[in-house]
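One structure below.
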Amino acid sequence: MNTKGHCYPKSIILQAVYFKLRFTLSYRDVEEIMKMRGVHVDHATIQRWVYKFTPFLESEMKKRKLRVGTSWRLDETYIKVKGIWCYLYRAVDKLGNTVDFLLTRKRNRMSAQSFLIKAISSNYRPRVINIDKSGSNTAAIKVYNKRSFSKIKIRQCKYLNNIVEQDHRFIKWRIQNGLGFKSFESARRTLSGIEVVHMLRKNQMVSRPEITMFKSFCKLAA
Numbered sequence: 015m016n017t018k019g020h021c022y023p024k025s026i027i028l029q030a031v032y033f034k035l036r037f038t039l040s041y042r043d044v045e046e047i048m049k050m051r052g053v054h055v056d057h058a059t060i061q062r063w064v065y066k067f068t069p070f071l072e073s074e075m076k077k078r079k080l081r082v083g084t085s086w087r088l089d090e091t092y093i094k095v096k097g098i099w100c101y102l103y104r105a106v107d108k109l110g111n112t113v114d115f116l117l118t119r120k121r122n123r124m125s126a127q128s129f130l131i132k133a134i135s136s137n138y139r140p141r142v143i144n145i146d147k148s149g150s151n152t153a154a155i156k157v158y159n160k161r162s163f164s165k166i167k168i169r170q171c172k173y174l175n176n177i178v179e180q181d182h183r184f185i186k187w188r189i190q191n192g193l194g195f196k197s198f199e200s201a202r203r204t205l206s207g208i209e210v211v212h213m214l215r216k217n218q219m220v221s222r223p224e225i226t227m228f229k230s231f232c233k234l235a236a
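Mapped onto my numbering, the consecutive letters of the sequence shown carry residue numbers 15 to 236.
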């Protein structure tokens, strides 16, 4: 990749992108770490690398992700984008494995339905979905059941969603040192990269058990 007259090898690009997605670092922090390693790269260039490569990482992870369970916990959390609150829909199975995620501008039935369709198309229909008292999530599942002639059970048990609420905290913690997202698309791509690395951290990729997280990350980008 050629940026401002410099040609960086793939190994350098992957290191920078991994640092940003794995740790609670700003782009300037990553720039400083790379400089300590003898690599002079501007933070804006690292940001472009993250923007460019995260959709590919998400696509590859979908192909290599281990099968999740049939009992899901679905919830959404708040993410600020350009000063406006957006909504990150997420689901995990009963063991805490990530099912899927989707950033939306609104919190309503259509957003919940879009997430549900994405999650099921990337995995399969669950047996049961545990949700909070959200009317939009309930309506989304009912509409999906009606249109697809399926019988996904809706369960509303607050303590069962503790596992997905705890999982939200990891994602929120990962972005707290940044200066905030300047655009919806930038937020969507960065969050997808963070989610992919979070899945690697939870050993959700088909790979040899002794392989490190970074090597798994590199295999996704191979």
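Glycine is no exception: its CB is placed at the ideal position from the N, C-alpha and C atoms.
D107 sits in a strand when the DSSP states are folded into three classes. Look at C171 here: in three-state DSSP terms it is coil, with no helix or strand label. When the beta-carbon positions are compared, R81 and M219 stay at least 8 Å from each other. Note that the segment 60-76 touches the segment 26-43; at least 3 beta-carbon pairs, one per stretch, sit closer than 8 Å. Residue state for K94 is assigned as strand, using DSSP reduced to three classes. When Cβ pairs closer than 8 Å are counted between the two stretches, the segment 86-96 is seen to touch the segment 167-181, the count reaching three or more. For A126, the number of other beta carbons within 10 angstroms of its own is at least 16, and it is reported as buried.
In this structure, the straight-line span from the alpha carbon of I225 to that of A153 is close to 42 Å. For the pair R141 and K94, the Cα-to-Cα distance works out to about 33 Å.
For the options M75, Y22, F37, the alpha carbon positioned closest to that of V53 is the one of Y22. Going by beta carbons, V113 and N137 fall inside the 8 Å limit. For the 8 Å CB-CB criterion, Y101 and F115 do not form a contact.
Secondary structure at L117: strand, using DSSP grouped into helix, strand and coil.
Secondary structure at R215: helix, using DSSP grouped into helix, strand and coil. Non-local beta-carbon contacts of N144 in its own chain, meaning distances under 8 Å to residues more than five positions away in sequence, involve S85, W86, R87, L88, R169, Q170, C171, L174, N175 in chain order. Judged by DSSP secondary structure, V31 falls within the alpha helix (DSSP H) whose first and last residues are 24-36. Per the C-alpha coordinates, the member of V64, N151, M48 positioned closest to A201 is V64.
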